[in-house]
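The working numbering numbers the first residue of the sequence shown as 431 and each following residue consecutively.
A quick write-up on the structure given underneath.
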Amino acid sequence: MWKKTKEADQTATGQAGIRKKSKVPGVMITQYLEELPEGKTTPDFTRKPIALTIQEGKHAFFKAIVVGDPKPTVTWGRAKGEILFHPNVCFQRYDEAAQEHYLEFPKVAPEDADTYKCYATNEFGRAVCTVVLNVIEVGFSMTKQLQKAKMEDVGEIKKKLKARKTDGSREDKPMEPEEKVWEILLSADKKDYERICVEFGITDFRGMLKKLTEMKREREEEIAQFISHIGTLKPVEVKDDDCATIELDMDLVDSGSKIYLYKDGVMVPVTREEGDGKKHNLKQVGNKYVFTIKNLGKDDAGLYSVDVGGVNVFSTEFKVPEVDFAVKIQEVKAEEREDALFQCVLTSPMNEIKWYGKSALLSNSEKHEIIVSEDKLIHKLIVRDCLPLDGGIYAAVAGIKSCNAWLIVEADKDPSKKSKKSARKTTLAGAGNDDELLRIAKEQQERYQKELTEKMDIAKKAQAARDALEAAALAEEEAAKKARDEARAAAKAAAKAKRAAAGKDGAVRKSKKKEAGAGTGSGPGDGAQAGVVGGGAGKGGAPGVGAGGASGSGGATGAGGAGGAGGAGTAGSAGEAGTTGAAGSPGGPGGAGSPGGPGGAGGAGGAGMAGVGDGAAGAGGEGLEEDFEEDEDYDSFEDSDEDIDAEGTKKEGETVDGSGVGEAGEAGEGGEGGKGGEESEAGGKRKKRVRAGPLVPDTVIDPGVHFQAGLSDCKANIGEAAELECKVNREDCAGIWYKDGAEITSSEGVTISKDGCFHRLKIDKVTEEHAGKYKFEADGRKTESEIVVEDPPRFDAEELEKFKPTVTVKKGHKAIFKIAYVGREPIKVQWYLEGEELSEESNIKIEHSEGSSQLLLLKLQRKDSGEVKIKLKNEFGTVEACSELNVLDKPTPPMGPLEIVEASSSGIEFKWKPPKDSGGCKIQNYILERQQIGRNTWKKVGPIGPVASYKDSDVDHGRRYCYRIRVETEIAISELMETEDIQAGTKAYPGPPSAPKVASAFKDCINLTWSPPADTGGTNILGYNLEKRKKGSNLWGPVNPHNEMIPAKGYAVKDVVEGIEYEFRVAAINNSGAGEFSTPSEFVFARDPKKPPGKVTDLKVTDSTYTTLSLSWTKPKDIEGVEDEAKGYFVEIRLAENTEWDRCNTNAITMTSFTVKGMKSLAMYWVRVIATNDGGEGSPQELDNYILAMPPPVRPRFTDAKVKSFMVVRAGNSARFNINFEVRK
């Protein structure tokens, strides 16, 4: 009728796609089946995800609610690539309470921006909707910079991977772990990324993906120089012939390009000759390249890389598990149409192994079934329905180990079935040793667990040893720290004590001395961590103590040093200023001074730990004349916050001691040298040089205003609101807004606001004049963005509400759809009916005017019903509006097949399916007519309502009826549907019950029981008829009266004559009547129960062989009232080591002899005989001794017929007697 273009819709393979309308706009539903089962529905969205624009780093999520029966499965996808599901990147979850499906991004990133699809699927259909995620990128991100710093530059990694010689081959060096992981990732599937990252300790997944994407892009460009097309890339695959292969499909640009194979970065020699004995081989068939690794071993594990012309094309890792076959597969012989079983046992568990059949890899299918035990040790392959073509070599491959065996299929040799297919057999060839396999598997499991436990114990011991070493090192460090702390405390206490003893009036020598005197110098000095002041200078005596040393380790061996003979002070006195020396240990006491020389100046202490030492008094020596200004104060170069005092006293001919103590952690200061000779001077006090200010000026630089979040570009539709926002680091900052370089302020429709650190510009209703570049400037810093004003096509809300309702018309009439819209021209307008685009035809008129469009459909038919959609599109976007067209017409007939609910003598009840198309109207009634088979007239049953079922109670039992059904709507009545014949209450008789069993028998009553028939005829069993017959008679007589059936499944027959033998049979009765009689019961005498017989007598063995044993006995005596006559006998034997008796004859024998067969040679048996009669079994009678399964011994006998009774011999001669005899063995 119309020219339409079909919109493709992906559906399941082999399913037809029927497009349906959803109540939620923007949802597309595809129905797989034309007719859905009753109560089942296709998936649909009651709430679809909402488009989201969010700032980078925020938590983003989409939420959807779906319905359908059965419950749909919800999945997510994206337009660009695949979603990487990871707890730190993206994950989906389901809220049971709210029945909501979520797709969540914990910290959304710019690369997450995309168009996402939500799929809801069940077995009857699929619903799809799309949603857009926009991510606003912010300014400078310290996190990204840190991640960049942590992640190695891509170029550096590429340099490592590309370290090659001039011919394009790699340098011969083992591959580093970092190089290895990137080669693996470049060739791995996306599903393996997470496993590889966990294995190599990569935690920054986003950074890895970014870097990998860039490396892949660059590698593709490099590969394109040598390869025009690359196809299948198969990783290392172990074959059944003790070799492994790597397969590639590629078209080389230059067929002369060199191809290299590397293992862990080291080139391996490869030969192209088939018969060559080398381990690695390359075979080329067309564009297919196959690398083969022969004679596999554990050393073959590693990363294999294939390079072409100096560019890495493919890398694959080959892992060799530690596994072998404890039990290998064995040869199996199977008959045609029989199943065959191969089974093996491994030494360590594996989830799966590879099975090969005639060098082809096998998988689970109808032909082959692969089974793995729970402990992963026993692996089985079942070949179903074996045919001669299935015969051949089958192999099992586990890791690098393999084993193989033959399957031999024996064809059916029956000539009568030569041209026919033989029947399927249910037997399984190759089975039978399951217990042995389980035992071996258990042993292997125990061994594997033992080895695993030993490895864990070794690992635990190693860890414990490491922990012990760490604990010892920590304890040693704590002890050293404690010792240092105690030394510092002792130094402080000593310093305070000396200051207290010396007082504040100590003598300080500052005058010029010309006489030599003997002096002593002593004083503990502290080498501080940041020491400044060294030891003091002495005149003509031992040098002062100092905390410094040439190496910078203050107080390394002792804080006090004794002056050398006539020379400079030793360590701790004349040392250079220390700078950044290591920590020194507490020093010992200083040594004794030699005859004094000139005192050395102490150097500044380094960064050493506290050192304490006392210099002993030095012997008198000649002083060295030095000139000092009388009025000049002497400064030591100390940088301490405390005054350090020194005191000296002078007596003629004596020495004067000077002392000083430096504080721990500060400057170590030595005492001054003493003064000798005749001249003396009063003690003086040393003064501290006060620092005018800090050594390094504290300069605070104000960083000024900077942006914590800059402006972002904004897109807004005409008439909508737009907002720009930025954030600065200070609340007291004021700024200026600019548009296209011109300053702007708040005005009508434009609001500029400030909220703390946030500055905002809001436009209430955007027009085209608001488009342009906007800038915010504060304190010389600025941020820019752009507002893009869009005018996409859109509908007025009132017009849209008028357009949505369903348009209903009758067949042959016309329908009009009209809607107004706004948007920037040009706008492309398209009309669709049920997903197919409409174009101008004789019965389709499409009219466009400024701001509106109209669709006119003429001469409508029922098939034209469906969704009517208008689609508007311009440069800014697309919008759609949907309505529904319903064309009313005559309904189609009801649908079969007919479902018969009941067909009995009381009535007929049946169901049918509604019409495929009700004509667009609600069904008002079903109109029925009935015809009895054999008659020509139809009886009108009448309208029965809209329910598609009916029960006809006006039927005759056993008659057959046919029905006609029509559908009635407000428009018309449909054509009829005629049913098949239905019989009311079929005559179905019950089957025969089980044969009656004799429960008990007496002289005047026999009690019988039986079981009901398996086939009841479709109705309930009402009762039973019982008949009896005397032995030897052909006539059966009823037991119960004809009109009184037996309701129970048992009966007591009292109409019997004592001593007569009877048999009985029974028949079941249902609504249709009595069924067939059962098979007769066993004959039974009408007499009181008998007593069991007594023991047999004279039981003995008459003969025996290695396999048989013959017995005989005498029947037991008949004692009236105690033991009745025996009617038969049972013979039982048991092996000496068994406790249970085995019965040799299943039925009682009447003879008093029996031969037991099938005995084990030379085995030891116990034998007994049991007599039985109608009263039961008597007591057993055993042989007195056990019996050996062997012939009985026979006495030897002479074989000569005549033996000489006398012999005459001459004296002196010898006599010979010949006697012949035989002995049976």
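Note that the Cβ used here is the ideal one computed from N, Cα and C, for glycine as well.
How would you call residue i, buried or exposed, if buried means at least 16 neighbouring beta carbons within 10 angstroms?
i, result
"E818", "Going by the sequence as given, residue 818 is Pro instead of Glu. It is exposed - the Cβ of P818 has fewer than 16 other Cβ atoms within 10 Å."
"E613", "buried"
"N711", "buried"
"Y719", "buried"
"N1643", "exposed"
"P1468", "exposed"
"C1435", "exposed"
"R1598", "buried"
"G555", "buried"
"D1384", "exposed"
"D1554", "buried"
What residues match up with residue i in a beta bridge as DSSP calls it?
i, result
"M1589", "Paired residue(s): none; M1589 is not in a bridge."
"P1553", "One detail in the question is off: residue 1553 reads as Glu in this sequence, not Pro. According to DSSP, which records beta bridges pairwise, E1553 is partnered with I1549."
"Y1481", "L1438"
"M458", "K451 and V558"
"W785", "L792 and A826"
"D474", "V497"
Counting only the same chain and skipping the five closest in sequence on each side, list residues whose C-beta sits under 6 angstroms from that of residue i.
i, result
"R1646", "none"
"F1584", "L1541 and V1561"
"E782", "none"
"V497", "D474 and T476"
"A1402", "K1320"
"P665", "T746"
"Q760", "A835"
"F535", "A490, C520 and D542"
"S452", "I459 and D474"
"N1501", "T1449"
"L576", "Because L576 carries a pLDDT of 49, less than 50, the predicted location of this residue cannot be relied on, and the following value inherits that uncertainty. Excluding sequence neighbours, L576 sits near nothing in its chain."
Output the boundary residues of the beta strand (DSSP E) element that contains residue i.
i, result
"G555", "G555 to I566"
"G1421", "Run containing G1421: none; DSSP gives neither H nor E here."
"E609", "Where E609 is concerned, there is no enclosing beta strand (DSSP E), although the alpha helix (DSSP H) it sits in stretches over P607 to S617."
"L1286", "S1282 to L1287"
"E1493", "E1491 to N1500"
"A1661", "Because the chain here runs from 431 to 1655, residue 1661 falls outside it and cannot be looked at."
"I1684", "As displayed, the chain neither begins before 431 nor continues past 1655, which places residue 1684 out of reach and without an answer."
"P1376", "Element bounds for P1376: n/a, residue is neither H nor E."
From the options, pick the residue whose C-alpha is nearest to that of residue i; which is it?
i, options, result
"E840", "E1400, D820, S832 and N834", "D820"
"K1169", "D737, R1389, K693 and E1199", "E1199"
"I689", "V628, N1501, N1650 and D737", "D737"
"H489", "S1404, C520 and T545", "C520"
"Y532", "R523, V538 and A539", "R523"
"K784", "K501, K1203, A826 and E1550", "A826"
"V1633", "V1624, A1641 and F1651", "F1651"
"K1520", "G1608, M1637, W1440 and I1338", "G1608"
Could you spell out where the alpha helix (DSSP H) holding residue i opens and where it closes?
i, result
"M638", "F635 to I653"
"R1459", "Note, R1459: premise wrong, no alpha helix (DSSP H); beta strand (DSSP E) at G1453 to K1460."
"C1673", "Only positions 431 to 1655 of the chain appear in the structure, and residue 1673 is not among them; the question remains open."
For residue i, collect the residues of the same chain with a Cβ closer than 8 angstroms to its Cβ; drop the 5 residues on either side in sequence, then sort them by chain order.
i, result
"G1307", "E1220, P1222 and P1223"
"I1617", "V1531, S1534, L1539, M1594, Y1595, W1596 and V1597"
"V668", "A674, L726, K784, V827, G829, I830 and S832"
"V683", "Q655, F656, I657 and S658"
For residue i, which residues from the same chain have a beta carbon less than 7 angstroms from its beta carbon, with the 5 sequence-adjacent residues on both sides left out?
i, result
"A1250", "D1226, E1229, G1281 and S1282"
"C1156", "F1137, A1139, G1140, L1141, H1189, F1206 and T1213"
"H1278", "V1259"
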